[in-house]
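A quick write-up on the structure given underneath.
2 protein chains.
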Amino acid sequence: MTQQPASFQITEAEFHQRGVRLLEHLHESKLSGVVLFDSHYILYYTGFAFIPTERPMAFVMNARGEKALFVPRLEVEHANANALVSRVDHYIEYPFQPHPMQVLLTTLADMGLHGDYAADQDGYPWILGYRGPSLSELMGTPPHQITAFVEDQMMVKSRGELALLRESVKWGHLAHTLLQRYTRVGATETEVSLRASAEATLAMLDAIGPLYRALSPFSNGAEAGYRGQIGRNAAIPHALANNIVFSPGDVLVSGATAPVWGYHSELERTMIIGPASDQQKRMFDHMLALQETAFDAIQPGVPCSEVDQAVRAYYQRHDLSPYWKHHVGHAIGLRYHESPFLDLGDATLIQPGMVFTVEPGLYVPELGGFRHSDTVAVTPDGIELLTYYPRDLASLTLST
Amino acid sequence: MTQQPASFQITEAEFHQRGVRLLEHLHESKLSGVVLFDSHYILYYTGFAFIPTERPMAFVMNARGEKALFVPRLEVEHANANALVSRVDHYIEYPFQPHPMQVLLTTLADMGLHGDYAADQDGYPWILGYRGPSLSELMGTPPHQITAFVEDQMMVKSRGELALLRESVKWGHLAHTLLQRYTRVGATETEVSLRASAEATLAMLDAIGPLYRALSPFSNGAEAGYRGQIGRNAAIPHALANNIVFSPGDVLVSGATAPVWGYHSELERTMIIGPASDQQKRMFDHMLALQETAFDAIQPGVPCSEVDQAVRAYYQRHDLSPYWKHHVGHAIGLRYHESPFLDLGDATLIQPGMVFTVEPGLYVPELGGFRHSDTVAVTPDGIELLTYYPRDLASLTLST
């Protein structure tokens, strides 16, 4: 990797330290090595971003701390230029003969993986037409499942990661500001989203300059839009886009983000076209109160489940349970959703450095959906709101 | 689903027929039912499109042909409105207690799945922080692997699917036409890509009208761009975008597509800014000849491997093997890559109705990459080129 200002991207020292912690885990667990197939795990340990396809890729580390990337011929130069590993092994092509996994077996043997070894999955996942043998079949023994360790390591963000998340928040903020500015009665969701996203992306690229890297399989620039959550459709949380025309009285649920060296923030806002009705006001206020209940509940040492409990108690106290559809939020970082979850079923203790979305929602048939999502970082004594977009109804009411 | 013109989207009759074939397979194999987790398999059998997250979703069919969709609370209304199934079962949330897979087990028992059953994966894949038990653990016995049957079924496209692929080709063509028009020395790859993609998307939405549905997890509209394959970088086939400024003499490798009711075509072109050098002309001509070799080799009844063999022979005959990086192409449809593959290792017999990309490439260090990709449909006596974008050097040379 070329030298770049310390304020952007993760340093080589930090990538090295990530590997050191993984190596310590291998030693503690007396494992001969580890194989990781998940593209985000590979990005986390090597700095190498790619879009997963039917061609298997893997990161391998042995108990001596030697790191390898296993790629198809197609990705060799790309991997050599970008991955912080000491060797790049490759196979010719998928499907081909011999099967890529047979070639991987040679790499594993050569690096000394045998007997007790770990992996995130028992072989490359069968996506996009890929088929192949499991590691159990190839190695003769199943891998130790290492996902819990990797997830635990990725949960707590470093200062460098927090800096990138703050940078992502800024460009999501710009995209959303433009989205709100261009949204008006008669316009379509798609034209407004495309215009806001394009302008924010070009501004981000000009502001950060040529060193900018998205390193994201999800998107190449800032994005803001509605994903079809407009008017009555806003009551369906993950509706896919429909190119709806904005009308007076619509309740809108927006979303904005920007990938910055692989890191994603999340900003979502409920907006209303025209003066809010009494019922809309009431639901908007409850939604704000639900979010503030969660903000107050997030504290180091508290289980994630308690945050969801506090919020669920608010729903019950105010007879809002019929409008509940999902938990309070999720961790975020290299992935737009990641563990732990602010959910009744997640006992993970909250720690400083964790970053969560806080997004309890109310979904009212025939009225619409009400959800803000703010990205927050856990501090030693509570949270810091990374998102700084206005949350109040006056700021989010659009003229008709 | 609402009634729509027969020329767009897959009919309910066709979805029904897909289920009938799957049911026949269950009967032939004496299976009590099937569980599918892959989002594209679910779209194929139910018409329901969604973006996979840490919340498990599954399609279930039993030996009586009863179809269910298993979703989180969040997706219930969305699934009821869009999925062609007779029941939508749901769990509260992930992670939650009980675990969603325990709830799925209840659905499977209720539908009569037991003993011999099939699945595409042994449990929901561990993505985005999800963790959970395998079907083997839940059911007491491992599932029969049904991926080969599903892939075989999806390989051969119906008339309705071909119509949607042709529609996708048209809007990819428009996006690429605009991309080529706006690409000029001094502009950046991102501004040109954003402008061409936005204009093509808005034109497509206005042309097809409000009934248009992308039904794609990959994109919401027409897209054209370079993904960083510009100048010397064009020698790296899957480079990620870098916002490069176009310069005289650059070799460009573009890509364009548009999702149309879930179906994707692929159009890629090699373009050169300014008059091509002799070396560029030579490589461009070889690339065209490689592609034509593949066009001639694709015939019903021929194994996929023979197409790759014919093309590999051309590389060898002309001392081009150092510039080879990947096989000839892949099938395409609901997924941008799918099986079978035009690859030495794929013995699948080519059949009428299969749709392939044809995209042999030459990657020359210090010069650039040379690759066209055309989408072709197999006919009873050869191929039909679905892509109709110009392929010749004169049409693809940009003024400086």
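For the record, the sequence lines run as chains A and B.
To convert, take the position in the first sequence, counting from 1, and add 183; that gives the working numbering.
To convert, take the position in the second sequence, counting from 1, and add 183; that gives the working numbering.
A virtual CB, placed ideally from N, CA and C, is assigned to each residue, including glycine.
Could you give the residue range of the alpha helix (DSSP H) that holds residue i?
i, result
"A/S351", "R342 to Y365"
"A/T558", "Here A/T558 belongs to no alpha helix (DSSP H); instead the beta strand (DSSP E) covers D557 to T562."
"A/I225", "S222 to T229"
"B/T440", "Looking at the DSSP string, B/T440 is not in any alpha helix (DSSP H); the run it does join, the beta strand (DSSP E), is G438 to T440."
"A/S391", "Sequence inspection shows Ile at residue 391 of chain A; the Ser mentioned does not correspond to that position. It spans E372 to I391 - the alpha helix (DSSP H) in which A/I391 sits, taken as one unbroken run."
"A/G484", "Where A/G484 is concerned, there is no enclosing alpha helix (DSSP H), given that its DSSP letter is neither H nor E."
"A/E197", "E195 to E211"
"A/R554", "Element bounds for A/R554: not the alpha helix (DSSP H) but the beta strand (DSSP E), G551 to R554."
"A/L473", "D461 to A480"
Does the beta carbon of residue i sit closer than 9 Å to a beta carbon anywhere in chain B?
i, result
"A/Y519", "yes"
"A/P505", "no"
"A/F279", "yes"
"A/D433", "no"
"A/T453", "no"
"A/T384", "yes"
"A/I566", "no"
"A/A514", "yes"
"A/A264", "yes"
"A/T185", "Unreliable positioning characterises A/T185 in this predicted model, as indicated by a pLDDT of 49, which lies under 50. A coordinate reading is not provided."
"A/R201", "no"
"A/L361", "no"
Does residue i have its Cβ less than 9 Å from a Cβ in chain A?
i, result
"B/F198", "no"
"B/T371", "yes"
"B/Y395", "yes"
"B/H132", "Summary: the structure shown does not reach residue 132 of chain B, with chain B confined to residues 184 through 583, and so no result is reported for it."
"B/P523", "yes"
"B/H208", "no"
"B/A441", "no"
"B/H282", "yes"
"B/I419", "yes"
"B/H555", "no"
"B/A381", "yes"
"B/K508", "yes"
"B/D529", "yes"
"B/H261", "yes"
Could you spell out where the beta strand (DSSP E) holding residue i opens and where it closes?
i, result
"B/M537", "Where B/M537 is concerned, there is no enclosing beta strand (DSSP E), given that its DSSP letter is neither H nor E."
"A/E567", "G565 to L568"
"B/Y506", "Here B/Y506 belongs to no beta strand (DSSP E), and DSSP marks it neither H nor E."
"A/V217", "G216 to L219"
"A/P523", "E521 to L525"
"B/G544", "G544 to V547"
"B/G516", "Premise fails: B/G516 is in no beta strand (DSSP E) and is neither H nor E."
"A/T453", "T453 to I456"
"B/G408", "E406 to G408"
Excluding the 5 residues preceding and the 5 following residue i in the sequence, name in chain order all residues of the same chain whose CB lies nearer than 8 Å to its CB.
i, result
"A/T185", "Because A/T185 sits at a pLDDT of 49, beneath the cut-off of 50, its placement in the model cannot be relied upon, and the point is left open."
"B/A493", "T476, A477, D479 and A480"
"B/H210", "A246"
"A/A241", "V218, L219, F220, I225, L252, F253, L287 and Y307"
"A/R574", "R452, L471, Q474, H555 and D557"
Going along the chain, which residues of its own chain have a beta-carbon closer than 7 Å to the beta-carbon of residue i, five neighbours each way excluded?
i, result
"A/Q462", "L550"
"A/L311", "T236 and E237"
"B/I566", "F478, I481, V559 and A560"
"A/S215", "N245, A246, G295, L296, H297, G298, D299 and Y300"
"A/T290", "V243, A251, F253 and D272"
"B/L321", "M284 and L288"
"A/A439", "G355, A358, H359, L362, E406, A407 and L450"
So, for residue i: in the same chain, excluding its five sequence neighbours on each side, which residues have a beta-carbon less than 6 Å away from its beta-carbon?
i, result
"B/D491", "H510, V511, L525, D526 and L527"
"B/W507", "Y498"
"B/A397", "N403 and P442"
"A/G230", "F198 and L267"
Check whether chain E comes within 9 Å of residue i, counting only Cβ atoms and requiring the distance to be less than that.
i, result
"B/R367", "Looking at the structure shown, chain E is missing, and the protein chains on hand are A and B."
Considering only residues of the region 240–283 of chain B, which uninterrupted beta strand (DSSP E) runs meet the minimum length of 3 residues and lie entirely inside it, listed in chain order?
-> 241–245, 250–255 and 270–274
At a Cβ cut of 9 Å, what residues of the region 289–317 of chain B count as close to chain A, listed as they run along the chain?
-> D303, Q304, D305, P308, W309, I310, L311, G312, Y313 and R314
In chain order, what residues of the region 221–253 of chain B put their CB closer than 8 Å to some CB of chain A?
-> D221, A232, F233, I234, T236 and E237
In the region 276–340 of chain A, which residue ranges form an unbroken alpha helix (DSSP H) of at least 4 residues, counting only runs that do not cross its ends?
-> 283–293, 318–322 and 330–338
What residues in the region 323–353 of chain A bring their beta carbon closer than 8 Å to a beta carbon of chain B?
-> T330, A331 and E334
Contact set between the region 473–489 of chain B and chain A, restricted to residues whose Cβ is under 8 Å from the partner | none
Interface residues of the region 533–549 of chain A facing chain B [CB-CB below 7 Å] = none
Proximal residues, the region 404–417 of chain A versus chain B, C-beta separation under 9 Å = G404, G408 and R410
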